[in-house]
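**Student:**
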Amino acid sequence: MKDSIQKILAMLERKEISAEKAIYLLKNLHPDSNKPKKRASKIKITIIDESEHKIKIPAIPFWMIELLINIGLKLITITSKYSKHLDDDTLKHIKVLKDIDLNEIFKVLRMHEPFNLVDVEDEKSGTKVKIITS
10 MKDSIQKILA MLERKEISAE KAIYLLKNLH PDSNKPKKRA SKIKITIIDE
60 SEHKIKIPAI PFWMIELLIN IGLKLITITS KYSKHLDDDT LKHIKVLKDI
110 DLNEIFKVLR MHEPFNLVDV EDEKSGTKVK IITS
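For the sequence shown, my numbering begins at 10 and goes up steadily by one.
(1) Rounded to the nearest angstrom, what separates K101 and K107 at their Cα positions?
(2) Where does T142 land, buried or exposed, given buried means 16+ other C-beta within 10 angstroms?
(3) Tell me which residue opens and which closes the alpha helix (DSSP H) that I74 is part of.
(4) If I measure Cβ to Cβ from K51 and keep anything under 8 Å in the same chain, skipping five residues before and after, which residues do I get?
(5) List the endpoints of the continuous alpha helix (DSSP H) containing L34.
(6) Taking the beta carbon of A49 as the centre, do at least 16 other beta carbons fall within 10 Å, making it buried, or is it exposed?
(7) Look at the alpha carbon of L111 and the alpha carbon of E61, and state the distance between them as a whole number of angstroms.
(8) Consult DSSP for L95 and reduce its assignment to one of helix, strand or coil.
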């Protein structure tokens, strides 16, 4: 590719081609680079246990995850107000969950192309967990 770029620039320098033609040729060296990049919009979870059983959870759209988390947070808030059996540690965790800006997290995830979010393997059992955006 580097040689191709140098050839095009040399042709431009020798005035064998116009600037417009050089731009056209440079853009078409890698047609894939001109295509809009696919943005992440879902999360996929795969779990492989020690006996190589594979559990694939269908891709979950970000909007659905946000909706379920928001419903869960509302239920936690209501429960924490009326429950007398929650200890201080649990109440601290609830407060931390309420303070996290999930919309900001998903906004950032949507800005990127799909990538591996989590890729871990337990050395003892061989269990693998993969979470990717897609």
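Think of the CB as a built atom: it goes at the ideal place given N, C-alpha and C, for glycine as much as any other residue. Since the model is a prediction, treat every value here as computed from it, not as a measurement.
**Tutor:** Looking at the coordinates:
(1) Within the sequence shown, the letter at position 92 stands for residue 101. Within the sequence shown, the letter at position 98 stands for residue 107. Using only the alpha carbons, I get a separation of about 10 Å.
(2) Your numbering for residue 142 matches position 133 in the sequence shown. Per the 10 Å Cβ criterion, buried.
(3) Position 65 of the sequence shown, counting from 1, holds the residue named residue 74. From DSSP, the alpha helix (DSSP H) with I74 extends over 71-91.
(4) Taking the sequence shown and counting its residues from 1, the one referred to as residue 51 is at position 42. Around K51: A68, I69, P70, F71, T142, S143.
(5) Against the sequence shown, residue 34 aligns to sequence position 25. That run of the alpha helix (DSSP H) goes 28-36.
(6) Working through the sequence shown from its first residue, we reach residue 49 at position 40. A49 comes out buried.
(7) Within the sequence shown, residue 111 is the residue found at index 102, counting from 1. Within the sequence shown, residue 61 is the residue found at index 52, counting from 1. Rounded to the nearest whole angstrom, the CA to CA distance from L111 to E61 is 34 Å.
(8) Taking the first residue of the sequence shown as position 1, residue 95 is located at position 86. Correct three-state label for L95: coil.
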